[in-house]
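Residue numbers (UniProt numbering): 1 to 324. Built from N, CA and C at the ideal position, the CB exists for glycine as well. Note that this is a predicted model, so its numbers are computed, not measured.
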Amino acid sequence: MCPERTEEILEFRVEEHQAGKRLDQFLAEAYPDFSRSYIKELVEGGYVLVDGQVVYKPSRKVKGGEVVVLCVPKVEPLSLPAEDIPLEILYEDDDLAVVVKPCGLVVHPSPGYTSGTLVNALLFRWRDLPTVGEWYRPGIVHRLDRNTMGVMVVAKRELAHRRLAEQFEKRKVLKVYRALVKGLVERDEGTLSMPLARDPRHRKRFTVSEKGRDAITHYKVLKRYRSLSVSLLEIRIYTGRTHQIRVHMAGIGHPVLGDRIYGYVPSSLPQEINEAMGECHMLVSYRLGFYHPVSGQWMEFSKEDIQPFSDVLSLIEKLEKERS
């Protein structure tokens with residue numbers, strides 16, 4: 001049984017290939033929102049059960065078929081530190097700002113990650129943000145995955161936050177991405193309408209499911225690199241489901257480059273491309289449009305040269321030319 005202060009219960013089944021891993025390592029990989037050090041604290045504090053029994057040793061080795069339960073404790077609001085993290089600002093006024101989130105930067109804090117996030121960078125520039133939105137993600141209206149990069153809008157005032165959030169909810173926002181995917185996409189363009197739900201076998205993954213929430217993605221092929229079997233796509237999403245583009249592209253057999261969770265195989269491309277990508281997914285939010293929350297004026301922002309996406313694209317162009 002989970003402790004009294006538990007807010008959420010997460011359940012994971014140990015697959016055979018995961019057998020022999022430390023308990024804290026297994027959980028850190030299964031639920032990367034929490035740092036391994038924080039998970040270690042939870043184990044030692046009695047917040048982890050294996051097959052119904054509380055386990056206090058982070059070093060305990062897990063076995064195939066075991067069910068591991070992580071009891072997530074309630075987290076009290078805390079003072080988030082303002083940090084001078086480099087951040088490109090495309091536009092700013094009294095109500096909002098448009099920024100470029102780099103790859104590797106988590107959008108908002110979570111247990112185990114209270115610093116080094118986009119929110120910490122925002123608080124360094126705008127001290128009054130804590131009054132906007134929820135305490136742990138002041139100013140945040142929408143998200144990009146940690147290893148995705150690109151244009152985001154943040155709210156600086158409560159009214160702006162509420163009205164921008166409403167636009168996202170009612171699908172009035174223009175969201176356009178560029179992506180490099182594995183394989184030669186056959187159709188020049190197409191629309192993918194596949195509902196998404198959390199994968200019951202892996203809580204940090206999503207999957208196509210009839211029981212899921214509707215998700216609509218439109219793609220257009222900009223270029224095919226035949227010698228490398230890679231396609232450059234422009235993608236517009238009409239819904240904003242977690243991992244939407246990543247799951248949809250993997251679902252038609254074309255995973256985003258660098259996205260190992262959804263099927264990208266590093267050995268399918270030259271090592272120099274993998275080195276240029278690092279841990280990043282080759283998916284970039286390059287254009288964002290919305291109505292100004294106060295004036296009502298339509299605003300649109302784009303950013304073409306975002307690293308390392310631009311460098312990887314240039315490298316692919318170079319290799320394609322050399323091979324043709």
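Only exposed fits I89, as fewer than 16 other CB atoms lie within 10 angstroms of its CB. Between R162 and G240, the alpha-carbon positions lie close to 17 Å from each other. If one requires a minimum length of 3 residues, the beta strand (DSSP E) runs lying completely within the segment 275 to 315 are 283 to 291, 298 to 302, in chain order. Pairwise C-beta distances place the segment 147 to 164 in contact with the segment 288 to 298, as three or more of them are shorter than 8 Å.
When the Cα atoms are used, E304 and V312 turn out to be separated by approximately 13 Å. Shown here, P73 sits in a strand according to DSSP, grouped into three states. When secondary structure is reduced to three states using DSSP, V153 falls in the strand class. Nearest to S209 by alpha-carbon distance, out of E29, H281, M194, is M194. In the structure shown, the three-state DSSP call for S227 is coil.
The segment 176 to 189 makes contact with the segment 221 to 236, as at least three CB pairs between them are under 8 Å. Taking 8 Å as the cut-off, the beta carbon of L222 is found no closer than this to the beta carbon of L269. The beta carbons of V230 and K182 sit closer together than 8 Å. In chain order, D24, L27, A28 place their CB closer than 6 Å to the CB of I39, counting only its own chain and leaving out the 5 sequence neighbours on each side. Taking the CA atoms as reference points, G46 sits about 10 Å from M1. The alpha-carbon of V68 is positioned some 12 Å away from that of Y31.
In terms of Cβ geometry, L105 and L118 form a close pair [threshold 8 Å]. Selection I85, E66, G65, A160 evaluated against V294 yields A160 as nearest (Cα-Cα). Under the DSSP assignment, K40 falls in the alpha helix (DSSP H) whose first and last residues are 36 to 44.
In this structure L70 is in contact with L42, their Cβ atoms being roughly 7 Å apart against a cut-off of 8 Å.
Counting other Cβ atoms within 10 Å of its Cβ, T148 reaches 16 or more and is therefore classed as buried. If the five residues before and after G253 are omitted, its C-beta is found closer than 7 Å to the C-beta atoms of G183, all from its own chain and listed in chain order. Per DSSP, the continuous alpha helix (DSSP H) segment holding I245 begins and ends at 244 to 251.
In the structure shown, K175 adopts extended strand secondary structure according to DSSP, grouped into three states. Residue pairing by DSSP places T217 opposite L192, I237 in a beta bridge. Taking a contact as a CB-CB distance under 8 Å, the pair H281 and G258 counts as one, their CB atoms being some 5 Å apart. As summarised for the segment 73 to 109, the continuous beta strand (DSSP E) elements at least 3 residues long and confined to that stretch are 88 to 92, 96 to 101, given in chain order.
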